[in-house]
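K.L.:
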Amino acid sequence: MPIKILMPALSPTMTEGNLAKWHKKEGDTIESGDLIAEIETDKATMEVEAVDEGVLGKILVAEGTAEVAVNTVIALLLEEGEDASALAGADTSGGAAPAVAPAAPAPAAAPAPAGAPAAPAPKPAAPASSGGRVFATPLARRIAAQEGIDIAAVQGSGPQGRIVKRDVEAAVKGGGAKAAPSAGPAAATAAAAPVAAAPMVTVDDPVFQNMPAFDAVPNSSMRKIIASRLTASARDIPHFNISADVAIDKLLKARKELNDRDGADYKISVNDFVIKAVAVALKRCPDVNAAYTEAAILNFKKADISIAVAIDGGLITPIIKDAGSLGLADISAKAKELAGKARDGKLQPEEFQGGTFTISNLGMFGVKSFNSIINPPQGGILSVGAGEQRPVVKDGALGVATMMSLTLAVDHRCIDGAAAAGFMKELKGILEDPISLLL
Amino acid sequence: MAETFFDVCVIGAGPGGYVTAIRAAQLGMKTAIIEKQHLGGICLNWGCIPTKALLRSAEIFHYMKHAGNYGLACDNLSFDIEKVIGRSRGVSKQLNSGVGHLLKKNKVTIIDGSGSLKGGGKVAVKDKEGKALPDVAAKHIIVATGARPRVLPGLEPDRKLVWTYFEALKPDIFPEKLLVIGSGAIGIELASFYHTLGADVTVVEVMKQIMPVEDAEISAIARKQMEKSGLKILTEAKVMKLDKRANAVTCTIEDKDGKTSHVTVDRVISAVGVQGNIENIGLENTKVKTDRGCIVADGYGNTDEPGVYAIGDVAGPPMLAHKAEHEGVICIEKIAGLPNVHSMEKTQIPGCTYCYPQVASVGLTEAKAKEQGYKVKVGRFPFLGNGKAIALGEPDGLIKTVFDEKTGQLLGAHMVGAEVTELIQGYVVAMGLETTEAELMQTVFPHPTLSEMMHESVLDAYGKVIHM
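Quick look at the structure:
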C-alpha cells in the first residue's frame, strides 16, 4: 500500500493552507527528512519534510492549489518494492474523520490552476489535532477557553459522548485535559500536525511493572496546577527563546560598594539588580510587557515582576509590584519578605497572582543557561544563569570577565523577534552599566 | 397470579412508579408494579391533573367575566360546581385508564394491593381487604410510594371543615368564605380556583413571600396582581387556632408583631406541604435509612439496602411529578447498565404554578445565585412590551433571566404572567444543552408570540434589549 502524504497542520488553528510548491517530482526518491513541499498559510510559508522514505509515486494536489484542507491526501509515496501499479485504486481518502471530506484528486498530468476547488475545508471548530469535529456544549467550550483547557482532549460524558460543563470542570480540577482515546487510524503520517495532549499515564499502567519499585507521591493541588498550566502553556503558546551574555563586573562592583556602605541595613543581591533592570527595561520596551488575549494584546503600564521561588513540593511566583519604581534596597527587602512567606506558605493570593513578567534564576546552582516555560497569561519569562568568570575577547585581546547568560522566552503571538531582541539589548545595557539606572 | 419472581418490582404507581415500570419493561426486564389505590397516583387523581381541569374552568369563567374587554357580551354568568368537579373527575378517570393501558401494553404485571418490604428481595402484598397475597420476589425493588399532605398540630384536617387537597378537589359545598393555610403551589392554586369562581379567599403564609421557593421579584408581582383582583394575602402570619362550629370555622391568625386577628370562614384548606410515605412499607426490615420523613437515596436511587431503591417524592424534594419520572428513568437505566447515565441536575428542574397569574421558573433565583457567590447579569422584560401579550389582553407579567457574568451560563429563569407555564420549557432546554447567552441571542423567536419576551429578557441582561 502506498503511504499517504497528508496536508499538515502547521499550527493548532490551521484548517487549510495553500500548496505553494513541490520540491520533488513524481518518481523522485525521497529520504526521511527531505524537503518535499512548501505550504503557505495566512501567516507564513513553511517547509514540509518527509517523514517516510520511498519514491514519490503520485502528486494528487498540484503546485499552486489554494485552500487545501488539513489532512487532505496531497501525494502518495511508494514504499520499497512497490511499483507504480500499486497506485491504481490506492485509497486517497482523507486522513481523518468525517468532517474532512475526501480530497478531490487533481491528476498530476493536468495541473489544476491556482484557486481550483480543493476539498471543502473542515468546520472551523475542528481542532487540527484530531481532524474530527469536537462535540461540546457552548458552555463547555467557553469554560474551556477561559481555563485554558484543550477541549479536543477532554473526554465527553454527555449524550452521544458530548463534552459538557462537568467534563471541563473535571479537567480543570484534575489538572489539565484528559486525553481522549485516539479517533482512529488517521494521522500517523501527518507528523507535522500537533497531537492532542499526551495520553496521561496512570499509576497502574503495565509499563511500570517492569520498572524499579517506586514510591507514588499523590499529586498535590499545587502539582496539578503546575501540570495543567504549564502543559497548556507549552502546548498552546508559541515560545521562542533568545539569549545574551552579559558582563557583570561593573554590576558586582556597584553591588559591593552599596553593600559596604556604612550603616547599610540591606544586602543587595545580583538578582535584585536583575529584577530592577528587567522592570526598567520593560518600561522602556512596553511591547514585551504584554499578554495575548483573543481580541487584543494587552500592553501593561507597569511592570509587576513575578519571581520564581522553589518551595516544598513545587514552586510559586510571588510578585514585586511596579519594581521599576522601587529602589534596590526596597526590592531586596520585598524579595526576601516574599520568598520567606512563600516558603512558609503564607502568601496572600494577591501576592502571587497577576504579575506581568517572570524571572527565574537558577544561577545559585551553577547553571550556565536554561529555557523556561512561560507563566500564562504573561508574555515573557527570563531565565538567569550563574555569574562566572569566562575568557572574553575585547578589542582583539583575550581577557577575563564575569559573565552571566540570560535566556528570554516569549509568546510569539504578542511579542515578535525584533521586540524581544530590543528588550534584551536594553536589559544588557542596564546590567553592564548599572549606573545608567540613575539617569 | 402465577408468577411471583420479577427482575423489577415497583411499589407505587404514581408518575414516578409507573414511568419507571414502563421503562424497565422497555429495557427487557420482567416488571411488576404494586398499587394500593389508583394508577397514576396523586398527580393524576388528586393533584396536578384534576387541579388543572378545575383551573381551566376557572380561567374560562374569568374570561367570561371580562368578556366586555374583548367586545363580547356574556350576561347572567353562573357556574355549577358539581359539573365543574364532575369534569375534573372525568379527566382524571380518562387518564387513569390510560396509564393502565400503557402498563399492559408494555407487559407490566399490575398488582392491586399494598406492598411492604420483607427484606431479602421480597415484598409482602395485601389486597384492599387486608388479605395476604403471595409474596413478590424481585432482584430490584423500587420504592415509589410518594407523599401525602403534611399535618401541623392544632391544624389537623378533619376532612369536613378543614380540608386537605383531597376534599378541596371534591367539595361538599362551594364555600363562600375560605381560608387557605400555605401559599406553595397547592395552596395558591386552590385559592386561585375558589377565588376566581367568586369565593372570598384569605391566604395565610408564614414566610415573607407567597410561593416561597420562587424569585422574590416574581412572587411580589404575582401577589400584587392577585390582591388587585381581590384575593386576601397575609404573609409572615401564622394560623394559631381553629375554632370549629357546626358549619363554620373561626381562625385565629397571628401576624409577625404578635398581634392576633380572627376570621370566620366556611371551610379551611390546609396546604402546609407534603411528607413522604415511609410508614407501613417495611423499611424496618431493611437497612434503608430515612431523614426528615424521606428515604435517603443517592443520585441513582440507591438506598443503604442493596437491591432497594427509592425515587420520587418519597426520596425527597423537590416533590414534583416530573422530577419523580426522571429520577425513575435514571434509576432503572443505571440498574440496566446503560452508558452515560448521570444523576439529575437538580438546578434544572422546572416548576410551574397554575394560579392566576401563572408562575414558572427553573434554576436559581437571583438571591440564591448571589448567595452561591455568582456575579450575575439579570435581564427583565415586561409583558407590557410584547405585542402578543397586549393582543391577548394580558399586559401584566415579567420574564426574568439570571446569567453567570463570567461564563454566560443561564443560571435561572423566572416568569409570571399568561401562559408562562408553557414558555418555561424553552429555557429548560437551553439550560440542558448548556447554551450561553450568545446562542439564546442568536435564536430566532417567532413573532408575534409571548416567547419573544424570552429573547428580550436575555437581550436585556446584556444591555441589548430592543422593545423597551
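Chains A and B supply the protein sequences, listed in that same order.
Read in order, the letters of the first sequence are residues 26 to 464 in this note's numbering.
Read in order, the letters of the second sequence are residues 945 to 1412 in this note's numbering.
All C-beta atoms, glycine included, are put in the ideal place defined by N, C-alpha and C.
What you are looking at is a predicted structure, and each value in this text was computed from that prediction instead of being measured.
Counting only Cβ pairs nearer than 8 Å, list the residues of chain A close to GLN1353 (chain B).
P.N.:
Here the neighbours are LEU164 and LYS190.
K.L.:
Within 10 angstroms of the Cβ of ASN1284 (chain B), are there 16 or more other Cβ atoms? Answer buried if so, exposed if not.
P.N.:
With fewer than 16 Cβ atoms within 10 Å of its Cβ, ASN1284 (chain B) is classed as exposed.
K.L.:
With a cut-off of 9 Å, does the C-beta of GLY960 (chain B) fall near any C-beta of chain A?
P.N.:
GLY960 (chain B) does not count as touching chain A.
K.L.:
Please classify HIS1399 (chain B): does DSSP put it in a helix, a strand, or coil?
P.N.:
HIS1399 (chain B): helix per DSSP, three-state reduction.
K.L.:
With a threshold of 9 Å between beta carbons, is THR1380 (chain B) in contact with chain A?
P.N.:
Interface residue, yes.
K.L.:
Could you say which of A:ALA354, A:PRO416, A:VAL86 and A:GLU51 lies nearest to GLN426 (chain A) if we only look at CA atoms?
P.N.:
According to the sequence provided, residue 426 (chain A) is Ala. The question's Gln does not apply to it. Considering only alpha carbons, the answer is A:PRO416.
K.L.:
Under the three-state reduction of DSSP, which class applies to SER405 (chain A): helix, strand or coil?
P.N.:
Note on residue identity: the sequence assigns Gly, not Ser, to residue 405 (chain A). GLY405 (chain A): strand per DSSP, three-state reduction.
K.L.:
Which value, in whole angstroms, describes the spacing of the CA atoms of PRO123 (chain A) and GLN180 (chain A)?
P.N.:
Because the pLDDT at PRO123 (chain A) is just 33, under 50, the model does not fix this residue reliably, and the point stays unresolved.
K.L.:
For PRO184 (chain A), decide whether its Cβ has a neighbour in chain B, counting only Cβ atoms nearer than 9 Å.
P.N.:
Yes - at least one Cβ of chain B is within 9 Å of the one on PRO184 (chain A).
K.L.:
Who are the neighbours of GLU1383 (chain B) on chain A, taking C-beta pairs under 8 Å?
P.N.:
Those are PRO163, listed as they occur along chain A.
K.L.:
Might you give, ordered along the chain, the residues of its own chain that have their beta carbon closer than 6 Å to the beta carbon of ASP347 (chain A), omitting 5 neighbours on each side?
P.N.:
Within the same chain, ASP347 (chain A) has close Cβ partners LYS327.
K.L.:
Along the chain, where does the alpha helix (DSSP H) containing ASN284 (chain A) start, and where does it finish?
P.N.:
Unbroken alpha helix (DSSP H) run through ASN284 (chain A): 274-284.
K.L.:
Check the Cβ-Cβ distances between LYS1075 (chain B) and every residue of chain A, and say whether any is below 9 Å.
P.N.:
Cβ-Cβ to chain A under 9 Å: no for LYS1075 (chain B).
K.L.:
Could you tell me whether any Cβ in chain A is nearer than 9 Å to the Cβ of HIS1286 (chain B)?
P.N.:
Yes, HIS1286 (chain B) counts as interfacial toward chain A.
K.L.:
Beta-carbon of PRO132 (chain A) versus every beta-carbon of chain B: anything under 9 Å?
P.N.:
Note that PRO132 (chain A) scores a pLDDT of 35, beneath 50, so its modelled location is shaky and nothing firm can be said.
K.L.:
Apart from the five residues just before and just after GLY1243 (chain B), which ones in its own chain have a Cβ nearer than 7 Å to its Cβ?
P.N.:
Within the same chain, GLY1243 (chain B) has close Cβ partners SER1287 and MET1288.
K.L.:
Can you find a C-beta in chain A that's less than 9 Å from the C-beta of LYS1319 (chain B)?
P.N.:
So, not an interface residue.
K.L.:
If you reduce the DSSP assignment to three classes, tell me which class GLN414 (chain A) lands in.
P.N.:
Residue state, collapsed to three classes: strand.
K.L.:
Can you tell me which of B:VAL1372, B:LEU1308, B:LEU1394 and B:THR1247 puts its alpha carbon nearest to the alpha carbon of ALA1335 (chain B)?
P.N.:
Comparing Cα positions, the closest option is B:LEU1394.
K.L.:
In the DSSP assignment, what residue or residues form a beta bridge with LEU1122 (chain B)?
P.N.:
Note: LEU1122 (chain B) sits in a beta bridge opposite B:VAL1145 and B:ARG1211.
K.L.:
Contact criterion: CB-CB distance below 9 Å. Does ARG158 (chain A) meet it with respect to chain B?
P.N.:
Chain B contact via Cβ: absent.
K.L.:
Are VAL1145 (chain B) and ALA1129 (chain B) closer than 9 Å when you measure CB to CB?
P.N.:
The answer is no: Cβ separation not under 9 Å.
K.L.:
Kindly list the residues whose CB is nearer than 7 Å to the CB of CYS992 (chain B), restricted to its own chain and excluding five residues on each side of it in sequence; keep chain order.
P.N.:
Result list for CYS992 (chain B): ALA1265, in chain order.
K.L.:
With three or more beta-carbon pairs closer than 8 Å as the criterion, would you say the region 81-92 of chain A touches the region 104-114 of chain A?
P.N.:
These segments touch.
K.L.:
With distances taken between CB atoms, is the gap from GLY958 (chain B) to ILE1086 (chain B) smaller than 9 Å?
P.N.:
No; because the gap between Cβ atoms is not below 9 Å, this pair is not in contact.
K.L.:
Spatial neighbours of ILE262 (chain A) within its chain, please: CB distance less than 6 Å, with the 5 preceding and 5 following residues excluded, ordered by chain position.
P.N.:
Closer than 6 Å at Cβ, skipping near neighbours: ILE399 and ASP436.
K.L.:
Would you kindly check if the distance between the Cβ of ILE1177 (chain B) and the Cβ of SER1127 (chain B) is under 9 Å?
P.N.:
Yes, the pair counts as a contact, with Cβ atoms nearer than the cut-off.
K.L.:
Would you give the residue range spanned by the alpha helix (DSSP H) that GLN1169 (chain B) belongs to?
P.N.:
1160-1172 is the span of the alpha helix (DSSP H), which, as asked, contains GLN1169 (chain B).
K.L.:
Give the DSSP-derived three-state secondary structure of LYS49 (chain A) in the structure shown.
P.N.:
The answer is coil: DSSP assigns LYS49 (chain A) none of H, G, I, E or B.
K.L.:
Below 9 Å between beta carbons: does that hold for VAL1364 (chain B) and ALA1311 (chain B)?
P.N.:
It is not a contact, given that the beta carbons lie outside the stated cut-off.
K.L.:
Which residues of chain B have a Cβ atom closer than 7 Å to the Cβ of ILE176 (chain A), listed in chain order?
P.N.:
Residues of chain B passing the Cβ test: none, with the nearest at roughly 13 Å.
K.L.:
Does any C-beta atom of chain B lie closer than 9 Å to the C-beta of GLN171 (chain A)?
P.N.:
Yes, contact with chain B.
K.L.:
For THR1089 (chain B), which residues of its own chain have a beta-carbon under 7 Å away from its beta-carbon, when the five flanking residues on both sides are left out?
P.N.:
Cβ neighbours of THR1089 (chain B) beyond the five flanking positions: ILE955, GLY956, ASN1221, ILE1225 and VAL1258.
K.L.:
If we call anything under 9 Å between Cβ atoms a contact, is ILE99 (chain A) one with LEU31 (chain A)?
P.N.:
Yes, they are a contact pair.
K.L.:
Can you check which of these residues, B:LYS1037, B:ALA1405 and B:ILE1239, is closest to GLN981 (chain B) by C-alpha distance?
P.N.:
Of the listed residues, the one whose Cα sits closest to GLN981 (chain B) is B:LYS1037.
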